[in-house]
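Notes follow once the structure below has been shown.
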Amino acid sequence: MKLKIKLKLKTLFIILCFSMLFQLLGTSFVIANAATTTPTKVSYTINGEAKIGNTIDIAVNISNITNFYGGSVDFSYDTSLLEVQSITKGDIFGTNKVSEPVKSVSNGLASIGLTLTGTNAGVSTNGTIAIIKAKVLKEGTINIKTTPLNVLISPIAFNSRVKLSDNNGNFITYTSEDKVINLVSNIPTVPPVLTAGIYQNNDSKLNYTSKWINTSPLQAYTDIKNEALSFTFDGSGFILNSIVANNRGIANIYIDDILVKTVDTYSATVFYNKNVCEIINLTPGIHNAKIVVTLNKNNASTGTCISVDSIEILKALPVTTTLLPGLYQNNDPKLNYTSQWINTSPLQAYTDIKNESLSFTFDGSGFILNSIVANNRGIANIYIDDILVKTVDTYSATVFYNKNVCEIINLTPGIHNAKIVVTPNKNNASTGTCISVDSIEILKALPVTTTLLPGLYQNN
Numbered sequence: 002m003k004l005k006i007k008l009k010l011k012t013l014f015i016i017l018c019f020s021m022l023f024q025l026l027g028t029s030f031v032i033a034n035a036a037t038t039t040p041t042k043v044s045y046t047i048n049g050e051a052k053i054g055n056t057i058d059i060a061v062n063i064s065n066i067t068n069f070y071g072g073s074v075d076f077s078y079d080t081s082l083l084e085v086q087s088i089t090k091g092d093i094f095g096t097n098k099v100s101e102p103v104k105s106v107s108n109g110l111a112s113i114g115l116t117l118t119g120t121n122a123g124v125s126t127n128g129t130i131a132i133i134k135a136k137v138l139k140e141g142t143i144n145i146k147t148t149p150l151n152v153l154i155s156p157i158a159f160n161s162r163v164k165l166s167d168n169n170g171n172f173i174t175y176t177s178e179d180k181v182i183n184l185v186s187n188i189p190t191v192p193p194v195l196t197a198g199i200y201q202n203n204d205s206k207l208n209y210t211s212k213w214i215n216t217s218p219l220q221a222y223t224d225i226k227n228e229a230l231s232f233t234f235d236g237s238g239f240i241l242n243s244i245v246a247n248n249r250g251i252a253n254i255y256i257d258d259i260l261v262k263t264v265d266t267y268s269a270t271v272f273y274n275k276n277v278c279e280i281i282n283l284t285p286g287i288h289n290a291k292i293v294v295t296l297n298k299n300n301a302s303t304g305t306c307i308s309v310d311s312i313e314i315l316k317a318l319p320v321t322t323t324l325l326p327g328l329y330q331n332n333d334p335k336l337n338y339t340s341q342w343i344n345t346s347p348l349q350a351y352t353d354i355k356n357e358s359l360s361f362t363f364d365g366s367g368f369i370l371n372s373i374v375a376n377n378r379g380i381a382n383i384y385i386d387d388i389l390v391k392t393v394d395t396y397s398a399t400v401f402y403n404k405n406v407c408e409i410i411n412l413t414p415g416i417h418n419a420k421i422v423v424t425p426n427k428n429n430a431s432t433g434t435c436i437s438v439d440s441i442e443i444l445k446a447l448p449v450t451t452t453l454l455p456g457l458y459q460n461n
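Start counting the sequence shown at 2; every next residue gets the next number (this note's numbering).
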């Protein structure tokens, strides 16, 4: 009987010492834990998704502690953000008998006090001292900052007070790790949809995985396998502009989760903002794109890095865009310009930006490009069905409007795709590289046979 009384008195004495010493210490100093070589640390783990309506567990953890006998946790919280349902002891004391002289949740404060009982020695271990169970009420941010001192705790300052003691009533010092809890909506986030235009590498609508380095505004880059850039767009395709160099690698391009292209960004010479990939002629509408690092490379390359300079979204093409024989002015909606053309209807559309292009589909035997020619005009490449067929110099010492600068003729009758692409090249006499479009004339398909039989044929 006397032994039980002594044990109870010892436990009560430690709890009283634990409380009184902190009152005496105030904010001036804390007694060191000389027995611990690796500093004791207090940290936090969040179990569960911190979404509105969900319940999460905030675990208060202790690591590298020696001779731990008793402690307490006080947690102050914003009642508009959280509804704390309980605070319970953790597993740090294992199977040892533990007394809980303090345990309460009230008015934005959750508190628990714990101490071993009887002749139990203090524990030397890692574990959780307390678990706070709380329901998320609304969006917001909780910054957990910890103090061992008897200062006022509140949701906007120090909001967690943790006290630790050994079996002699000495306080155990520790370092603490702040924790940020982002409380978010339970409604699924709808990704932003990119419309026609150019988006630089640091645009917030481009979704990079975590291991990209973004050296705005030059490039975003990484050489970590399976790192990716993803985005959602409304259009007929996109252009990936990248830095190419002798240490660049190969990327996979996915559209709507289907691998559609593999792109090698190696180049013996460094080029910036280089068009390395065009995805075109997609079904008009919303698509999801992903650019994924593979770690594969050209045999000549010294590295596997992938970089992104900009993404250009191409406008959605009309359901039918086939041009029939006839004349189409520069502002006709069936002519598909990339985003950096200036259209001064009805005079011309023009640009001097490298790789900008005009594309169209036609049913005929060829077409005529009519353009303004002047002393500041440059050179364009003409592609038919993705094959370079002609290079056109639009320089002229004298200005002419609606000038026939290029004729593509005698194509196989039928439907063809044409593209006029701006180059950075120019005539030595030219002061600029601008390309302009005044009109496009589609030539009708030639008859299968054109042999003239006996008879009279007018000039037309």
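Ideal Cβ positions, reconstructed from N, Cα and C, are used throughout, including at glycine.
Given the structure is predicted, the values throughout are model-derived calculations rather than measurements.
Can you name the start and end residues of the beta strand (DSSP E) that residue i belongs to?
i	result
residue 306	Unbroken run through residue 306: none, as it is neither H nor E.
residue 241	238–245
residue 275	272–280
residue 260	259–265
residue 159	Where residue 159 is concerned, there is no enclosing beta strand (DSSP E), given that its DSSP letter is neither H nor E.
residue 40	Neither: residue 40 is in no beta strand (DSSP E) and is coded neither H nor E.
residue 394	388–394
residue 128	124–137
residue 145	141–145
residue 360	358–365
residue 120	Careful: residue 120 lies outside any beta strand (DSSP E) and carries neither H nor E.
residue 436	436–438
If we ignore side chains and look at the alpha-carbon of each, how far apart do residue i and residue j end up?
i	j	result
residue 82	residue 115	27 Å
residue 438	residue 328	13 Å
residue 30	residue 165	Per-residue confidence for residue 30 stands at a pLDDT of 33, beneath the threshold of 50, marking its modelled position as unreliable; the derived number appears in the next sentence. Using only the alpha carbons, I get a separation of about 14 Å.
residue 46	residue 87	16 Å
residue 70	residue 167	5 Å
residue 263	residue 276	14 Å
residue 393	residue 330	19 Å
residue 309	residue 189	28 Å
residue 315	residue 65	58 Å
residue 456	residue 325	30 Å
residue 41	residue 128	11 Å
residue 391	residue 365	18 Å
residue 322	residue 249	37 Å
DSSP has residue i in a bridge; who is on the other side?
i	result
residue 45	61
residue 287	235
residue 401	374
residue 50	Answer is none; residue 50 lacks a bridge partner.
residue 220	216
residue 315	238
residue 384	389 and 420
residue 96	None, per the DSSP bridge assignment.
residue 540	For residue 540 there is no data in the structure shown, the boundaries of the chain being 2 and 461.
residue 90	131
residue 181	144
residue 252	264 and 294
Do residue j and residue i have their beta-carbon atoms positioned less than 8 Å apart in this structure?
i	j	result
residue 302	residue 215	no
residue 470	residue 161	No answer is possible for residue 470: the residues shown for the chain start at 2 and end at 461.
residue 299	residue 362	no
residue 377	residue 433	yes
residue 294	residue 387	no
residue 285	residue 252	no
residue 235	residue 196	yes
residue 132	residue 80	no
residue 273	residue 244	yes
residue 266	residue 307	yes
residue 279	residue 238	yes
residue 242	residue 313	yes
Taking only beta-carbon atoms, is residue i less than 8 Å away from chain C?
i	result
residue 194	Absent here is chain C; the protein component of the structure consists of one chain.
Original post:
Should the segment 422–434 be regarded as contacting the segment 361–374, the criterion being three or more beta carbon pairs within less than 8 Å?
Top reply: Under the three-pair Cβ rule at 8 Å, the segment 422–434 does not count as touching the segment 361–374.
inquiry  = Three or more C-beta pairs under 8 Å: does that hold for the segment 71–79 against the segment 103–114?
reply    = yes
Exercise for the section: Indicate whether the contact test is met: 3 or more Cβ pairs, each with one atom in the segment 327–342 and one in the segment 393–402, closer than 8 Å. Expected result: no
Next item on the list: Count the C-beta pairs between the segment 45–60 and the segment 127–141 that are closer than 8 Å, then say yes if the count reaches three, no if not.
Entry: Touching, yes.
> Can we say the segment 115–126 touches the segment 91–102, given the rule of at least three CB pairs closer than 8 Å?
Replying inline: yes
Practice problem: Decide yes or no for the touch test of the segment 202–212 against the segment 96–104: beta carbon pairs closer than 8 Å, at least 3 of them. | Solution: no
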